[in-house]
DNA sequence: AATAACTGTTCCGATATCAGCAACAATAAG
DNA sequence: CTTATTGTTGCTGATATCGGAACAGTTATT
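Chains as they are written, first to last, in our numbering: chain A, 2 to 310; chain B, 2 to 310.
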């Protein structure tokens, strides 16, 4: 017994004024409508119509139920329509704030892929690592790498961001390979702002103990790719997100260090305002990103063994 | 495809956090819930859950649909609950204003009958022919005989009220039987306020023409039964609602006059305020009255032939 | 580290349900 | 008074739905 179907039949009968008329408009036999009505009345335990064998008059009970039914059915339709994205019928623009490195390297391909499924969406992308005020600047969505939790915004976790310490083989040959965090003070460190402060790196040993390690900043920069290139050139040791250096590690041009230690777990988030009626574009795009970055990120898959050693 | 059941299954899964849990609480096999979910997603053309084979995470699309679904299901339950009167579980009081004669003669038995079905309803009856202000005096309902249409009130037609002109055989023998409206001026008329003014009676002939007939008021009273008794005593001709005199006409103690003519069509109405949430008591009682007085009123059934002649 | 417990999905056979048709009773219309 | 229409009901075949079991993948526990 489909309660929506019964309800709808009831509403159609009220609007058509007769069972036959309603059945015609619905394209079913009138016996079906009749039975649905009776089923509904039995379910409610109340008479909706005052039947005169030929005439159908709403009872007051029925009139009250009709008004509520109409609203409910409209709500159902609205909910279904708002949810069903009609597969590719998404249109409009999407203004997104992206972090520089992660955005260029990993979100770019994702956006291209999304655009192929929804060609009528226009992206307005702002690659920038500064904090932006979503509402003030009219962003639909921001992608951030952090561990923040803002109450007025919804944050959807997209992917874990792992950090890895590494250096080029040439550097290690020249300066030696550190075997413990304490040795780091004798090395040249290339410092990336996003996941570390300037003076210390926070490591976690195998027992889960946090170790605040003093380092020697040799070069500071806010751009991950610049630091990666510096490390490749043998300038020092970097602590960076794996998504930037995974290819270099995989190919052996950078060597992971201190494999027994872990770093602060960050994550990439999609962040957007809490509006009552979130646009289908934003919902669809975030759903797409969550699905695409689900599980262990592809940039970490090939490192799983190397960083463990 | 039962949309209601699918929606409910979806909500239960969200609330239980898993398909198995939802299936347990719903008392069905988990395969059923799984299939319902897939069906719903297919119907919407959108992914509601982000599945990880073991974990079920709501997509943003799903979260939005969930919020709407919860509200819809609550609305359905509320509508059904408000409509279903739980068969006799009606309680509370019902303050009703009734017309004197009609109330005593015909509504009284109806109310008794209603009370047998709903013993927990307490009636507060005010038999009075004066106009009462429903809202000011706290009436739930008023029964009126009129043809009014007040915008702020809902009026439900209960029964047609026919009028009939009649006199006792003794009177007619003494004064003669009028054959046309014009002769009425030579007769003694007993005037009832409710359906006539003091100086004229409006009749309609067989062609539908309205005839304003001057009469001679011999006795004026606002109480129908008093006038009926006066007519029975042979004091004159009355024009009254059939519901007062139908037994006397049926038994021959009063003779219908001018059978070819009709009178203003009045009706008995149930009148009540237009409140958003009409109490179930009022709805149930009005529904009951409408049904009870449906069709040709029983007091007119036996007169149908007599008044036609 | 390896088993155990649990999750969601899929397939399959028995069962129940539902749509449509046709006949019927009752009423309004011409 | 006949005709057409309305709502209801019984019946039959097609359809869908249910529950159970097997399966694949994941977490928890030992």
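Where is the CB? At the ideal position from N, CA and C, for every residue including glycine. In this text, all values refer to a predicted model and were calculated from it rather than measured experimentally.
Reduced DSSP secondary structure (H/G/I, E/B, other) of residue i
{"i": "residue 214/B", "result": "strand"}
{"i": "residue 51/B", "result": "strand"}
{"i": "residue 65/A", "result": "helix"}
{"i": "residue 136/B", "result": "helix"}
{"i": "residue 22/B", "result": "helix"}
{"i": "residue 249/B", "result": "helix"}
{"i": "residue 228/A", "result": "helix"}
{"i": "residue 71/A", "result": "helix"}
{"i": "residue 263/A", "result": "strand"}
{"i": "residue 192/A", "result": "strand"}
{"i": "residue 179/B", "result": "coil"}
{"i": "residue 302/A", "result": "helix"}
{"i": "residue 294/B", "result": "coil"}
{"i": "residue 200/B", "result": "coil"}
{"i": "residue 170/A", "result": "helix"}
{"i": "residue 93/A", "result": "strand"}
{"i": "residue 159/A", "result": "strand"}
{"i": "residue 76/B", "result": "helix"}
{"i": "residue 310/A", "result": "Confidence at residue 310/A is low in this model, with a pLDDT of 44, below 50, so the placement of that residue is unreliable and no value is reported for it."}
{"i": "residue 59/A", "result": "strand"}
{"i": "residue 241/B", "result": "strand"}
Closer than 8 Å to chain A by CB, residue i
{"i": "residue 5/B", "result": "yes"}
{"i": "residue 34/B", "result": "no"}
{"i": "residue 291/B", "result": "yes"}
{"i": "residue 239/B", "result": "no"}
{"i": "residue 287/B", "result": "yes"}
{"i": "residue 125/B", "result": "no"}
{"i": "residue 274/B", "result": "no"}
{"i": "residue 310/B", "result": "Because the pLDDT at residue 310/B is just 45, under 50, the model does not fix this residue reliably, and the point stays unresolved."}
Residue i: contacting residues in chain B (beta-carbon distance under 9 Å)
{"i": "residue 157/A", "result": "61"}
Short CB-CB distance (under 8 Å) between residue i and chain B
{"i": "residue 284/A", "result": "yes"}
{"i": "residue 302/A", "result": "no"}
Pair within 8 Å by beta-carbon distance, residue i and residue j
{"i": "residue 80/B", "j": "residue 66/A", "result": "yes"}
{"i": "residue 15/A", "j": "residue 61/B", "result": "no"}
{"i": "residue 241/A", "j": "residue 193/A", "result": "yes"}
{"i": "residue 33/A", "j": "residue 47/A", "result": "no"}
{"i": "residue 245/B", "j": "residue 226/B", "result": "yes"}
{"i": "residue 99/B", "j": "residue 108/B", "result": "yes"}
{"i": "residue 161/A", "j": "residue 266/A", "result": "yes"}
{"i": "residue 272/B", "j": "residue 154/B", "result": "yes"}
{"i": "residue 186/A", "j": "residue 217/A", "result": "yes"}
{"i": "residue 159/B", "j": "residue 125/B", "result": "no"}
{"i": "residue 37/A", "j": "residue 17/A", "result": "no"}
{"i": "residue 264/A", "j": "residue 173/A", "result": "no"}
{"i": "residue 258/B", "j": "residue 183/B", "result": "no"}
{"i": "residue 27/B", "j": "residue 39/B", "result": "no"}
{"i": "residue 284/B", "j": "residue 93/B", "result": "no"}
{"i": "residue 291/B", "j": "residue 157/B", "result": "yes"}
{"i": "residue 85/B", "j": "residue 59/A", "result": "no"}
Where residue i meets chain A, residues with beta-carbon distance less than 8 Å
{"i": "residue 295/B", "result": "51, 53"}
Quiz item: Taking Cβ-Cβ distances below 7 Å as the criterion, which residues of the region 43 to 55 of chain A are in contact with chain B?
Solution: 45, 46, 47, 48, 51, 53
Exercise. Taking a Cβ distance cut-off of 8 Å, strictly less, list which residues of the region 65 to 98 of chain B are near chain A, in chain order.
Key: 65, 66, 69, 70, 72, 73, 76, 77, 79, 80, 81, 83, 84, 85, 86, 87, 88
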